[in-house]
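Here's the structure, in structure tokens; my notes come after.
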Amino acid sequence: MKMSRRGFMVAGAGATLALSGCGQEAKPAQAGELLRSKAKLPAPFQVPLPIPPVKKPVRSDAKADYYRVVQRKASREILPGLTTEVMGYDGLFPGPTFDVRSGRTTVVEQVNELDVSTVVHLHGGHTPAPSDGWPLDLVMPANGGHTERHVMSGGDMTMGRRTYTYPNTQRAATLWYHDHTMDYTAPQVYRGLFGLHLIRDDEEDNLPLPKDDREIPLVIADRAFDADGSFLYPAAKDGPGVEPAYMEGVIADVTLVNGAPWPVHEVDAVRYRFRILNASNARRYELAFSNGPAKFVQIGSDGGLLDLPVEHKTVVIAPAERFDVIVDFSQYRPGDEVTLVNKLDNNSNVMRFKVAHKAVDESNIPAKLSSYAVTPRPAGVVRREWRFRRGGGHSGWTINGKAFDPAVMQAQVKLDQYEIWTFVTDVHHPVHVHLAPFQVLSRGGKTKVAEFDHGWKDTVDIRPAEVVEVLVKFTAHKGKYLIHCHNLEHEDMAMMAAFETI
Ligand SMILES: [Cu+2]
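With this note's numbering applied, the sequence shown has no gaps in its numbers, which climb one by one up to 1236 at the end.
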């Protein structure tokens, strides 16, 4: 059964290591292969930027808010004039945004009205194991739909629905939730199973940051479309994974922001706060403004506010990373247009801002953002090495030479003590750890914090043949958790490992 479930081991056997953008460059910008749309694509900057709706609880009590989400198919107009069938939380693409308070529990009943099994993971959440989205804790379709792929065992399977409990016992931060079904995460996220989960707290509320309609999520994801508007995805013909040509990852030719292709958004000539999430399966971006003086002032990372703001001319963001930034449009005049581009893809378009009016701006970027302290490197702690490589005895992707096996715990990790984890790569791998955030201690042997490693991280963008050390400490929750590559094609093709907190 294991061999059939992992049919890609056979399917990908003859594939060679292909790096797009490779050639002269020793370190290509991207692990992935470009998938081109067959649909007629719109001109950029025609579609207004949508803002995902904030999810409302069905009820609340003294300690918790209770929500109900229905995972279902829906027809949505993503490309103007065409319809795309999505698999969405509440049928939305992206799903609704949870906007919650630190320390207040969120209880979500997830109802599966799709025809495939699903799992929900709150990415960046400090979540008890039964609600963390173990990849075999499958929520089976409510309609009883049944295909061969559902015959997987070893998890806590539920029929039709499952209730996830998130204590939100963590700092204010930009989290996201997405599908985590074993072997099928990549196609299911691609078709729409992702959304934002924002945690707020008093420390952040007391800062004079831009808020309300000047605080905007930018969820960036690339997708390809067939001529009829449906999603194109190069799934393997039999079993999980993708066609051998896409082993490196699927990168696509349409850039969506909040589900709209190359959108446009009208802004006042003031400061804005953008919570940027890279929800792409495999694509990395180096975001830049193509014209004018705008820059990014980073105020937060995956795990919440930085201690001090950090200025960037460009922002390099790997799959699953978040950058919380302030952009000041006061340097522009009404009528100016400011285009956000991806420098890793020949300055291709991402979206455009149109500066409409001068306006009063009472926001500010404080010199000190948060009171958290950077932890110095401790001596005498447990160290572990995690090697992210292709192959290692089979043709998928492996960690420490092993394909993901839910029955194997690669580490037993004690709660409440620091450990230093070392990540080693062959090609680009964005490495994600469940349950606890970490701080990057060194990259490529250098201990000065690299430009995009500031603050608490839960995903770190590791470049080809690179070594990154992080400091991590797990707290509160005992159980089975995951470390994996967040290039979703790599993840589905076994680049995931389980560890147990004890
Ligand atoms: Cu990877």
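For glycine and all other residues, C-beta sits at the position ideal for the given N, C-alpha and C.
Does the distance from the C-beta atom of residue i to that of residue j stay below 8 angstroms?
i, j, result
"Arg1056", "Leu1011", "yes"
"Pro997", "Thr831", "no"
"Pro1238", "Leu813", "Not covered by the structure: residue 1238. The range shown for the chain is 735 to 1236."
"Ile985", "Asp960", "no"
"Ala863", "Tyr1215", "yes"
"Leu990", "Tyr911", "no"
"Val1201", "Gln1173", "no"
"Phe1063", "Val1142", "no"
"Ala733", "Arg1018", "As displayed, the chain neither begins before 735 nor continues past 1236, which places residue 733 out of reach and without an answer."
"Asn676", "Val1084", "In this structure the chain extends from 735 to 1236, so residue 676 is not present and cannot be described."
"Met1227", "Ile1133", "no"
"Leu1103", "Ile1033", "yes"
"Asp1192", "Asp1036", "yes"
"Leu1149", "Lys1212", "yes"
"His999", "Leu768", "no"
"Thr840", "Asp890", "no"
"Val781", "Pro944", "no"
"Thr817", "His860", "no"
"Gln1001", "Phe1087", "Reading off the sequence shown, one finds Val at residue 1001, where the question assumed Gln. Result yes, Cβ atoms of Val1001 and Phe1087 sit closer than 8 angstroms."
"Tyr918", "Pro968", "no"
"Val1167", "Ile1217", "yes"
"Gln1151", "Phe1233", "no"
"Ser1024", "Asn1080", "no"
"Tyr823", "Ser865", "no"
Give the C-beta separation of residue i and residue j to the nearest angstrom, bearing in mind that I take them to be a contact with Cβ-Cβ under 8 angstroms.
i, j, result
"Val988", "Ser809", "That belief does not hold up - the Cβ atoms of Val988 and Ser809 are roughly 18 angstroms apart, past 8 angstroms."
"Trp1155", "His1224", "So it is not a contact: roughly 18 angstroms between Cβ atoms."
"Thr1073", "Leu1169", "Not really, about 39 angstroms apart at Cβ, beyond 8 angstroms."
"Val845", "Val820", "The Cβ separation is near 16 angstroms, so there is no contact."
"Arg948", "Tyr1006", "5 angstroms"
"Glu938", "Leu1039", "6 angstroms"
"Arg806", "Leu848", "6 angstroms"
"Glu1119", "Val1158", "7 angstroms"
"Phe1008", "Val1061", "6 angstroms"
"Pro1140", "Pro869", "7 angstroms"
"Asn1098", "Pro828", "Contact doesn't hold; Cβ gap of about 30 angstroms is too wide."
"Pro1027", "Gln1065", "5 angstroms"
"Ser836", "Arg934", "7 angstroms"
"Asp1070", "Phe1122", "With a Cβ gap of about 43 angstroms, Asp1070 and Phe1122 do not count as contacting."
"Val853", "Leu826", "Between Leu826 and Val853 the Cβ distance is about 19 angstroms, and since that is not below 8 angstroms, they are no contact."
"Ala1013", "Val953", "5 angstroms"
Does the beta-carbon of residue i, which I'm using as the reference point, lie nearer than 7 angstroms to any heavy atom of ligand 1?
i, result
"Met821", "no"
"Trp1120", "no"
"His1163", "yes"
"Met1229", "yes"
"His1224", "yes"
"Asn1221", "yes"
"Trp1131", "yes"
Buried or exposed: residue i, going by 16 or more other Cβ atoms within 10 Å of its Cβ?
i, result
"Thr1109", "exposed"
"Ile785", "exposed"
"Met893", "exposed"
"Val885", "Note that Val885 scores a pLDDT of 49, beneath 50, so its modelled location is shaky; the value from the coordinates is reported in the next line. Exposed, because fewer than 16 other Cβ atoms sit within 10 Å of the Cβ of Val885."
"His1162", "buried"
"Glu1153", "buried"
"Lys789", "buried"
"Asp1076", "Reading off the sequence, residue 1076 comes out as Asn, not Asp. So Asn1076 counts as buried."
"Val1115", "exposed"
"Gln1146", "exposed"
"Ala747", "Residue placement at Ala747 is poorly supported in this model, since its pLDDT is 31, which falls under 50; the coordinates still yield a value, given next. Flag for Ala747 reads exposed."
"His1091", "exposed"
"Glu1237", "Coverage of the chain is limited to positions 735 through 1236, which leaves residue 1237 absent and any answer about it impossible."
"Gln764", "buried"
"Pro1068", "exposed"
"Arg1111", "exposed"
"Arg1268", "Outside the modelled stretch of the chain, which goes from 735 to 1236, sits residue 1268, for which no answer is possible."
"Pro787", "exposed"
"Leu1222", "buried"
"Pro942", "exposed"
"Ser1105", "exposed"
"Asp936", "exposed"
List the DSSP bridge partners of residue i.
i, result
"Pro995", "Leu990"
"Ile785", "Partner(s): none; Ile785 has no beta bridge."
"Ile1236", "BP columns for Ile1236 are empty, so no partner."
"Trp868", "According to DSSP, Trp868 bridges with nothing at all."
"Ser1176", "Glu1203"
"Ile954", "Val991 and Asn1012"
State yes or no: is the beta carbon of residue i nearer than 8 angstroms to at least one beta carbon in chain D?
i, result
"Val781", "This model lacks chain D altogether, as it is built from one protein chain only."
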